[in-house]
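Novice: With my numbering, the residue at position 108 of the sequence shown is 132, and numbering never jumps.
No residue lacks a Cβ here, since even glycine has one placed at the ideal position from N, Cα and C.
Before I ask anything, here is the structure I am working with.
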Amino acid sequence: MNGTLAHRAAGDVLAEIQRRQASGILRLQKDATTRQIFIDAGVMIRFAVSTLPNESITALFRDKGGVTEEQVRQATTTKQPQELLGTTLVRLGSLSRETLADLTREHIHRVVVGALAMRDGAYEFQAGALPFREQLDGGLEVPEILLEWARALPDIDSIRKRFGSLEARVTMSPRPPEGYQKVPLNPAEGYIMSRVDGRTSVGEICMVSPMGEETTLRALFGLALAGILEMPHDTATDPVRPTAPAARAAPVRPAPDARRSPPDTHETLARPAPVPSAVAPSRVPANGGATAPASQAGATPAPRVKPAAQTGATAHPVRRAGPPAAKRRVTSITERVRPSTTPDLEAEMLRRFEQMREQDLYQVLGVLSTATGNDIRHAYYGLAKKFHPDKFTREDLKAKAEKVFAHITEAYSTLTNTEGRRKYDEDQALRKSGHSQEKKVDSGDMARMNFRHGKDMFDKGKFGEAISFLQNACDQDPSKAEHFHYLAMAQSRNPRWKRDAEENFLRALEHDPTNAEIYAHLGSLYAKGGLHSKARDMFKKALQWDSANEEAQVGLAQGDGGRKGILGMFKK
């Protein structure tokens, strides 16, 4: 596998190697810069080398590992054949095995990030068993670095173009990379993974995602590129075209046998020569260096590249470049799936807003209590498309549409969860029974039952289901601070409910004005929203009532208003 980075991005090359589950060395070169990535079974990068001084593993050993120049020289002179410099330093006691593993992973990350940023040059993958494999225990997971690359890709239009039909169903890959469950996901990626059921389309996910279209598309693209998700029209297989102008670059070719002119320092790495059963470099990489191109005096020039016609490619006549065409605007997915509002739609949304507290969750979705999961799903996506807040441009309408949309999403989350739906149905049956039997169950009992169910859902991390029960508890017994407190904490997990969360934190404080925990949680909500002055006030009030409150202490100590944020209060 070889080619030019002007026509295929390095991230796509790495993703292809992962899909093939191949082992070998991926080599990327541009001018005097060469990087080599040692890949094990497509899923783990075990080692990397680079010609750049700021990507030298030897420098990393000195800067962060505490290794001295004398120790490096001693290791270089006593290094055994086919032994890596890091292995020698561990054997001599100059470096611990744990530190070596950490620094190797950091070094791999540094080299691979640089490699994925390359916009032109050449690449070549030589498949085969890795050399010195027994010395390489750790490394960096390929899915993790591909997700990181997708998150930072600057051209969102190139990602958007990959998504053809909006009706393409997103499914789990039948052969996801080994260990993908341990790959850290950001909130958008985690949200998407929770929505993938084999029946949800790209357009539907973009419509209902609270993260916004651009973030959602990046997450979908990254998860597909990493081999975790799959779509019928596989998004990850269409290469991202680098934005830099295409440059003619020769395919990377192995250097002449290193035995003819052996390197004379530990800072060089000869180009790997093809070996039928393994990828074996002509000498062991010592400090992350690699041989520079043969441009120095006495070096053997690289062989000339055959014209495209000789290599099996189709030759085309050279055409004169015409005037640059105007850049075609890429229509966003949300623009394609969300028509503009009408007065009738606005009136219907306002009616739904007024009826929110009167309807049960089945009525919210417009389905029967006997509806199947598929019926609920179809109803949800139809309503989500119809009442998505982004369709309403007036601020007063948009704020109400956000609450309607959140209520629709809450109904869907509760009724598509088997346990959540069972408990909700029990609650509804008990409520109806209470009315028919002249309120044998008073509102206080109902409130306690709803609060118990809501707290149980909250503790399990099922915040959408928790909101329904906790809201009922607040309505049935508005005298309990803990009802509003837990409702606010659950609402804080959804950006669309942040105003309601603030309101319910304040109502909880009306009933329990000496509760330091509520002040601290409200402070974290403010900090997360960038309201740092309000956050500081709440943290100070929390410490007035409990000087040992950890969340308030951390919130005040952080200069940016509290990076710990609202997430800190959910840690167990």
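1) Would you mind sorting residue 33 into buried or exposed? The rule is 16 or more other CB atoms within 10 Å of its CB.
2) If you reduce the DSSP assignment to three classes, tell me which class residue 48 lands in.
3) Helix or strand or just coil, what does DSSP make of residue 577?
4) Residue 500 to residue 470, Cα distance in whole Å?
5) Any heavy atom of the ligand FMN closer than 7 Å to the beta-carbon of residue 140?
6) Taking buried to mean at least 16 other C-beta atoms within 10 Å of its own C-beta, is residue 128 buried or exposed?
7) In its own chain, which residues sit with a C-beta less than 8 Å from the C-beta of residue 47, not counting the 5 before and 5 after it?
8) What residues in its chain sit with their C-beta under 7 Å from that of residue 435, if we drop five residues either side in the sequence?
9) Would you decide whether residue 379 is buried or exposed? Buried here means 16 or more other CB atoms lie within 10 Å of its CB.
10) Residue 166 and residue 42 look like a contact to me (Cβ under 8 Å); what is the Cβ gap, rounded to whole Å?
11) Buried or exposed, going by whether 16 or more other CB atoms sit within 10 Å of the CB of residue 431?
12) Measuring straight from C-alpha to C-alpha, what distance separates residue 419 and residue 526?
13) Check whether the Cβ atoms of residue 253 and residue 182 lie closer than 8 Å to each other.
14) Taking its Cβ as the centre, do 16 or more other Cβ atoms sit within 10 Å of residue 398, making it buried, or is it exposed?
15) Do residue 59 and residue 138 come within 8 Å of each other at the CB atom, strictly closer than that value?
16) Looking at the unbroken beta strand (DSSP E) that takes in residue 562, where does it start and where does it end?
17) For residue 104, does the three-state DSSP call read helix, strand or coil?
18) What do you reckon, are the CB atoms on residue 625 and residue 53 nearer than 8 Å?
19) Using alpha carbons as the reference points, say which of 377, 485, 51 lies closest to residue 72.
20) On a CA-only basis, which of 537, 69, 87 is nearest residue 77? Give me that one, please.
21) For residue 59, report the span of its beta strand (DSSP E) as first-last.
22) Assuming residue 433 and residue 578 are in contact, meaning their beta carbons sit under 8 Å apart, how far apart are those beta carbons, in whole angstroms?
23) To which residues of the same chain is residue 532 closer than 6 Å at the C-beta, ignoring the five residues directly before and after it?
24) Assuming residue 474 contacts residue 487 under a Cβ cut-off of 8 Å, what Cβ separation, rounded to an integer in Å, is found between them?
25) Taking all protein chains shown into account, do 16 or more other C-beta atoms lie within 10 angstroms of the C-beta of residue 17, making it buried, or fewer, making it exposed?
26) Can you tell me which residues form a DSSP beta bridge with residue 164?
27) Which residues in the same chain as residue 503 place their Cβ atom closer than 7 Å to its Cβ, once the five residues preceding and following it in sequence are excluded?
28) Using the Cα positions of residue 515 and residue 218, report the straight-line distance between them to the nearest angstrom.
29) Distance check for residue 428 and residue 376, CA to CA, integer angstroms please.
30) Can you give me the start and stop residues for the beta strand (DSSP E) that residue 202 sits inside?
31) Is residue 26 helix, strand or coil by DSSP?
32) For residue 146, which of helix, strand or coil comes out of DSSP?
33) Could you pull out every residue in the same chain whose Cβ sits closer than 8 Å to the Cβ of residue 242, ignoring the five residues on either side in sequence?
34) Straight-line CA distance for residue 521 to residue 480?
35) Taking 6 Å as the limit between beta carbons, can you name the residues of its chain near residue 582, skipping five residues before and five after?
Specialist: In short, the structure shows the following:
1) Under a 10 Å Cβ-count criterion, residue 33 is classified as buried, with 16 or more other Cβ atoms of the shown protein chains found around its own Cβ.
2) Strand, per DSSP.
3) Helix at residue 577.
4) Roughly 7 Å between the two C-alpha positions.
5) Inclusion of the ligand FMN in the displayed structure is not the case, the ligand content being empty and no account of it being possible.
6) Burial call: buried.
7) So the qualifying residues of the chain are 63, 64, 65, 66, 151, 152, 153, 154, 303.
8) Answer for residue 435: 385, 388, 389, listed in chain order.
9) Result: exposed.
10) Going by Cβ atoms, the distance from residue 166 to residue 42 rounds to 5 Å, so yes, they are a contact pair.
11) Counting Cβ neighbours within 10 Å, residue 431 comes out buried, since at least 16 surround it.
12) Note on geometry: alpha-carbon atoms of residue 419 and residue 526 lie some 19 Å from one another.
13) Not closer than 8 Å, so no.
14) Under this definition residue 398 is an exposed residue.
15) Contact: yes.
16) Secondary structure note for residue 562: it is in no beta strand (DSSP E), and the uninterrupted alpha helix (DSSP H) holding it is 556-569.
17) Three-state DSSP puts residue 104 in coil, outside helix and strand.
18) With the chain covering only 25 through 596, there is no way to say anything about residue 625.
19) Proximity to residue 72 across 377, 485, 51 peaks at 51, based on C-alpha coordinates.
20) Looking only at 537, 69, 87, the smallest Cα-Cα distance to residue 77 is reached by 87.
21) From DSSP, the beta strand (DSSP E) with residue 59 extends over 57-64.
22) The Cβ separation is near 31 Å, so there is no contact.
23) Contacts found: 505, 508, 509, 542.
24) 15 Å between Cβ atoms; not a contact.
25) No statement about residue 17 is possible, as the shown extent of the chain runs from 25 to 596 and does not include it.
26) 69.
27) Correct list, in chain order: 535.
28) Cα to Cα, the separation comes out at about 18 Å.
29) Straight through space, the alpha carbons of residue 428 and residue 376 are spaced by roughly 7 Å.
30) Note, residue 202: premise wrong, no beta strand (DSSP E); not H, not E.
31) Correct three-state label for residue 26: strand.
32) The answer is strand: DSSP assigns residue 146 an E or B state.
33) For residue 242, where only same-chain residues beyond five positions count, the Cβ hits under 8 Å are 174, 175, 177, 180, 183, 212.
34) If I take the Cα positions, the gap works out to 20 Å.
35) So no residue of the chain qualifies.
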